[in-house]
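In the working numbering, the protein residues as written are 1 to 1166. The structure appears below as structure tokens.
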């Protein structure tokens, strides 16, 4: 059920606090020191006796083991850095420790690493060997990364004013110094997506060049406020920096906080499409003084990143020192603070200590203040049905049938020719009135907006809405029935005058206008921004509420045509003139009025007082104002609703920003206490963004709690948003549309009478428009679109062009085939002749039917830019499901101009890549796919493991042992190498995405090179170049995990099956495909060389340990290499069958491609 899923988001994260050591303090890291599969804690220690050591605490007993006694060093007996790292420096498979030791000053010291002695030699008394790297001043931050992609770990160290790079040459280190803005904070990440590690600092980043040792590292700005502080105090520019994909758009975002000063936010900066040129957008998570803790992890196991943050506890008078977690409630926009302690923390670390799948926290009170303590995360223990909960991506997951979707909307433009008020020729529109109701008597909901009435066309409402004018610049505010006849009436206004309009006949523009009031209501010289109707006097018709400096009520008399209507004043003065609404706040049975009061203090005029006026129950008594809270900025909309289901009416509030254009307007809900007259309503923050002059509240998904609709009036996106309530006052964002300004809009009504609420908006800057977003959650009454395209995501967003593409299976069936098409954006721009630059970040793929109707908007794709031409590249996408021989599929590649707003969908990676995996003594690429898991030694340039779905390794490389380990691998190209375990080749990532990984490897002399492309079901190698002489390609491995000479066999493409116990040599038939199998396994590993030749090939098994199969190899000759062609292609993969025809079909589908035909670039009809 939905409530069960949503409650996972609302609950606090359970933690258990454990004291590790009450008598010691120091920097900490988390790592598996003893190799038992469970993480331990490493710490730089100064105990209460003054002894200085580096130690590790063994999980779970937490016994303390000395790594090295710093006091024993004669030259540098102290630890002198603000950071340390645990990493496998020597690639022996064991974690070493990197840090800096020195004298008791900031100048004298050396960076060094302490070598893990190996699991068999590890004991509580074993001293780790010290290796010096280079002398520096005091170091603030360390990182260990492969900066030059040679497969070796390099070191990045930041001092107050420099970044030092130490490049690993195995036996020595080459140093590079980069002067930077002072002071601290550093992380390493690939910000520009070019496959190498950049350096991220406090508000700026350094781009890794092609030659990271020899060339300069260009500097790029993120936000100058983090590195341009100039008070000449040492606290200037101190920061915490980390990198994570916060909004799950596939790009690395940057998080920043100030570690030594109060008054700064904890913020994340959304990575732009081009991080070198485009601005980074700041999103404030919260405010934290002296935030000396900043880590990102999914602490609550809901699939999105949370943020650990906390105050540095320097001085007792600054208490409380908050430390805890900003829990990501949705899309890194809405955050909920969970406090862990008020004692603060110092550079706390996050990691999975007990290997249960959730992230724990290790910290201490300050760098010199014990204890070392652990917050053990208990989420994994308390999350029911882990397999199911891992799939929860938001509150829309697994909706029950009786709960409506909040993501099915169709945009309808009702009008685009509305004029300004009173014949104004410039500026904004100044219309405020908007009302929905049946003005024609046919049962359809019509719209009155400004001086116009719009007649509902019925059915899907997407045909023309007839417009009829009231005249005389009347601003229609409300629709109601004044005189109890069969037709509805209008209440309208213009400056200081109010009118009742009888609608005699819309089609004939017949209206009878009566002036009913002369109340002093004249906002912007038009009418009012605050109007409503409510039964505030028992009996009779509802009253008309009007807001200005005072609050007024028009009372409908028994004879409404007999002159001006009676009125009363609810508030003489002090109102801010914005929206007002009604509800029984105090539960006494009558309707109270909710509004904003101005702040009497001139210096705080922008801060309003959220207020409700208590209905006295009599027209003769005074309405009493009760102030329940404050806004941060000018209050704009207030609506009562029982947000948290406790039976009391709360208040939902939005702020506007004028004249400011900053994204600092808030939306809140104020929680009603048991006695609502008291000043103790808790304010709950929902979102901070651009000015929100729009608000309505209703149960949109019909789950029994009120949801919120709002729209940004300003800003680059102008997002129309629905905020889904979980029933407890936690809200989750649904973006409905973008780029359509609203003001006094985002109002709800069931216009098409289908049982769900539609959205209506007018505008201020773009006053010409009247908007409708039809809610397609229920499509029973009208024959609407069965699969509406979500607005802002489909062609109805800011896409302007498309390229039609046809995929044809001419000779072969395909399943989930990955296809590629080259794109030239400059060529498209010339063909379109639209004088706009196409934004490469706008690319998106939709599948259509033959007529162009969208049938699938979730096509997996990635765009691979040409490294030599940013305007060219390849679009790689998946043709989902079966593509039978002779059939066609149709797609559209959508594009838009620069400056538009586009959503890049976030895909679960089908090809999941990690380039920092130690394997058998080498840094390795790990690639997880549905077909299997690949481990590729980056400096050996060969696959060391190929693991099937059941965990069997079909290669099984390991150091030593000859044929029992070190000889094994793919492709084992002689004489160049390309063999796991070797160390003389260089590998680098070319492209990485959800459906394909591309990397290249090259020999040190650059005479041999190959490229691997890994797809979901197979991997293809292209030998790009070679030196003089011939070569071979080998598979040396272990079918189904271990060579069994009695049960293993191999098959040629002509169907000849041969046991591995029998040697063979000859020329393979065309095509040159072979596969290996074990009789106990319903799976084969195939190797398919694309090009046929007449060179000899060979198979034999070696010592009962491994296969030796060679393309272009002849036995008993030295060198025995016969292949000479370049390029040559080799595809490897698993087929989940042992049937000959099925295996051949799988191989054909891997090595063959369907025909791809692109049409001419087209403009999208808007």
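Glycine residues also receive a C-beta, built at the ideal position from the N, C-alpha and C atoms.
Legend entry - Helix, strand or coil at residue 1049 according to DSSP, with G and I counted as helix: Assigned with DSSP and collapsed to three states, residue 1049 falls in strand.
Legend entry - Unbroken alpha helix (DSSP H) run spanning residue 828, endpoints: 825-832
Inset, instruction - Report the three-state DSSP secondary structure of residue 918 (helix, strand or coil). - result: strand
Legend entry - Assigned exposure category for residue 390 - 16 Cβ within 10 Å defines buried: Because the pLDDT at residue 390 is just 31, under 50, the model does not fix this residue reliably, and the value given afterwards should be weighed accordingly. Residue 390 should be labelled exposed.
Inset, instruction - Leaving out five residues on either side along the sequence, give the residues of the same chain with a beta carbon under 8 Å from the beta carbon of residue 1052. - result: 1058, 1068, 1069, 1073 and 1074
Inset, instruction - Look up residue 1099 in the DSSP assignment and say whether it is helix, strand or coil. - result: strand
Legend entry - Buried or exposed by the 16-neighbour rule on C-beta atoms within 10 Å, applied to residue 650: buried
Legend entry - Own chain residues within Cβ distance below 7 Å of residue 486, not counting five before or after: Sequence-distant Cβ neighbours of residue 486 in its own chain, meaning closer than 7 Å and more than five residues away, are 441.
Inset, instruction - Enumerate in chain order the residues of its own chain whose CB-to-CB distance from residue 101 is below 7 Å, with the five nearest sequence positions on each side excluded. - result: 70, 73, 76, 78, 79, 80, 109, 110 and 112
Inset, instruction - Reducing DSSP to helix, strand and coil, say where residue 139 ends up. - result: strand
Legend entry - Where residue 1159 sits in the DSSP three-state scheme: DSSP places residue 1159 in coil when its eight states are reduced to three.
Legend entry - Cα-Cα separation, residue 588 to residue 747: 28 Å
Inset, instruction - Less than 8 Å between the CB atoms is what I'm expecting for residue 312 and residue 344, so what's the real figure, rounded? - result: Contact flag correct, Cβ pair sits at about 6 Å.
Legend entry - C-alpha distance - residue 628 paired with residue 677, whole-angstrom precision: Each residue's alpha carbon lies about 8 Å from the other.
Inset, instruction - Please classify residue 745: is it buried, with 16 or more other beta-carbons within 10 angstroms of its beta-carbon, or exposed? - result: buried
Legend entry - For residue 286, the nearest candidate out of 252, 332, 271 and 178 (CA to CA): 332
Inset, instruction - For the beta strand (DSSP E) containing residue 992, list its first residue and its last residue. - result: 985-992
Inset, instruction - Compute the Euclidean distance between the alpha carbons of residue 86 and residue 773, then round it to the nearest angstrom. - result: Whole-angstrom Cα-Cα distance: 54 Å.
Inset, instruction - Please classify residue 226: does DSSP put it in a helix, a strand, or coil? - result: helix
Inset, instruction - Taking 9 Å as the cut-off, decide whether the C-beta atoms of residue 990 and residue 820 are in contact. - result: no
Legend entry - Residues that DSSP places opposite residue 265 in a beta bridge: 287
Inset, instruction - Can you tell me which of the three DSSP states residue 201 falls into? - result: Three-state DSSP puts residue 201 in a strand.
Legend entry - Nearest to residue 322 (by Cα), restricted to the options 349, 716, 289 and 960: 289
Inset, instruction - Under 7 Å Cβ to Cβ from residue 40, same chain only, skipping five residues before and after it: list those, please. - result: Taken in chain order, the residues that qualify are 31, 32, 33, 34, 56, 57, 58 and 59.
Legend entry - Beta carbon of residue 925 nearer than 9 Å to that of residue 987: yes
Inset, instruction - Would you mind working out which of 180, 187, 126 and 306 sits nearest residue 155, comparing C-alpha positions? - result: The alpha carbon of residue 155 has as its nearest neighbour, out of 180, 187, 126 and 306, the alpha carbon of 187.
Inset, instruction - Using three-state DSSP, classify residue 1077 as helix, strand or coil. - result: strand
Inset, instruction - Compare the Cα-Cα distances from residue 350 to each of 376, 882 and 516 and report the closest residue. - result: 376
Inset, instruction - Report the option in 192, 497 and 480 whose CA atom is closest to the CA atom of residue 503. - result: When C-alpha distances from residue 503 are compared across 192, 497 and 480, the shortest belongs to 480.
Legend entry - Inter-residue Cα distance where the pair is residue 235 and residue 799: 47 Å
Inset, instruction - Using three-state DSSP, classify residue 482 as helix, strand or coil. - result: coil
Legend entry - Segment limits, alpha helix (DSSP H) that includes residue 1149: 1140-1151
Inset, instruction - Using beta-carbon positions only, say whether residue 939 and residue 150 come within less than 9 Å of one another. - result: yes
Inset, instruction - Tell me where the beta strand (DSSP E) around residue 513 begins and ends. - result: Note, residue 513: beta strand (DSSP E), 510-517.
Inset, instruction - Go to residue 239, then tell me how far its beta strand (DSSP E) extends in each direction, as first and last residue. - result: For residue 239, the enclosing beta strand (DSSP E) covers residues 239-244.
Inset, instruction - Give me the Cα-Cα distance between residue 625 and residue 736, rounded to the nearest whole angstrom. - result: 37 Å
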